[in-house]
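Chemist: Chains as they are written, first to last, in this note's numbering: chain A, 1 to 81; chain B, 1001 to 1177.
#1: For residue 1021/B, name the three-state secondary structure that DSSP assigns.
#2: Kindly list, in the order they appear in chain B, the residues whose Cβ is closer than 9 Å to that of residue 69/A.
#3: On the DSSP bridge assignment, give the partners of residue 1146/B in chain order.
#4: Using a cut-off of 8 Å between C-beta atoms, extract the partners of residue 51/A located in chain B.
#5: With respect to the alpha helix (DSSP H) encompassing residue 1107/B, which residues constitute its N-terminal and C-terminal limits?
#6: Kindly say whether residue 1057/B, judged by its beta-carbon, lies nearer than 7 Å to any beta-carbon of chain A.
#7: With three or more beta-carbon pairs closer than 8 Å as the criterion, would you say the stretch 1125-1140 of chain B touches the stretch 22-39 of chain A?
#8: Nearest-angstrom Cα distance between residue 63/A and residue 1176/B?
#9: So, residue 1027/B versus residue 1001/B, is the Cβ gap smaller than 7 Å?
#10: According to DSSP, residue 27/A sits in a beta bridge with which residue or residues?
#11: Keeping to the same chain, check which residues put their C-beta closer than 8 Å to that of residue 76/A; ignore five residues upstream and five downstream.
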């Protein structure tokens, strides 16, 4: 009995074109923006907790790994808007 | 930028393949450039002083569009409010003379700013919830894991939204001084 070919994922099946890039970028940027949302809330909560807490939060937000996420969020924000 | 592009689609402009392709690439590249600029502005505001890059590809296979027709004009159907409020927030933040505690609290304490900030937190959380739900439903195959991840994500977003709203209210009512 001949083995029937299993259906393939769209990206294996179809030629890549710009809409695919934009579509997947929309998803990636959306996920990155969600991280950005949590950063926003953290920042707001720190501001609401007073100057001392705010200063220490700025220190954490300014650290390189968090800055990388912030860059992702900034790019995502500009892409999605 | 893609949101603005879709607004033009909504108005009936830019559907020609050539135009849509050009605007698509313009949006992707423009966003990278603008994103870098915005990041620099935010860093300057926070008083911080880093860099990145990205690509794409093709082959001779049938086009997705040829089989799936117009079904691709799909995203950006909701979340316009979140976008506009996001632009307001970034512009307001950028116009502050440095994001010191006094400046930030002074800005957010005004009635209009605090109202818009509350709306921003709520609409961003809602938009993130809808978006992440679709992503999880598409990529998490196992039923149990999908349910669990959806629960975790929704719970986290709702908690964060409540924290964000309460933080803005604290600032608005002068508790954050």
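All residues carry an ideal CB built from backbone N, CA and C; glycine is no exception.
Modeler: Let me spell this out:
#1: Numbered from its first residue, the second chain carries residue 1021/B at position 21. Of the three classes helix, strand and coil, the one that applies to residue 1021/B here is helix, per DSSP.
#2: Position 69 of the first chain holds residue 69/A. Per Cβ cutoff of 9 Å: no residues; residue 69/A is ~11 Å from chain B at best.
#3: As a first step, residue 1146/B must be located in the second chain, where it is residue number 146. None; residue 1146/B has no bridge partner.
#4: As a working mapping, residue 51/A is identified with position 51 in the first chain. Those are 1101, 1102, listed as they occur along chain B.
#5: As a working mapping, residue 1107/B is identified with position 107 in the second chain. Taken as a continuous stretch (DSSP letters only), the alpha helix (DSSP H) holding residue 1107/B covers 1101-1109.
#6: Here residue 1057/B refers to the residue found at position 57 of the second chain. Confidence at residue 1057/B is low in this model, with a pLDDT of 39, below 50, so the placement of that residue should be treated as unreliable; the coordinate-derived value is given next. Yes, residue 1057/B counts as interfacial toward chain A.
#7: yes
#8: Within the first chain, numbered from 1, the residue matching residue 63/A stands at position 63. Within the second chain, numbered from 1, the residue matching residue 1176/B stands at position 176. Near 24 Å, if we compare the C-alpha coordinates of residue 1176/B and residue 63/A.
#9: Indexing the second chain from 1 puts residue 1027/B at position 27. Indexing the second chain from 1 puts residue 1001/B at position 1. Cβ atoms of residue 1027/B and residue 1001/B: closer than 7 Å.
#10: To locate residue 27/A, count along the first chain from 1; it is residue 27. Answer is none; residue 27/A lacks a bridge partner.
#11: Sequence index remark: in the first chain, residue 76/A carries index 76 (1-based). Around residue 76/A: 28, 29, 30, 32, 33, 36.
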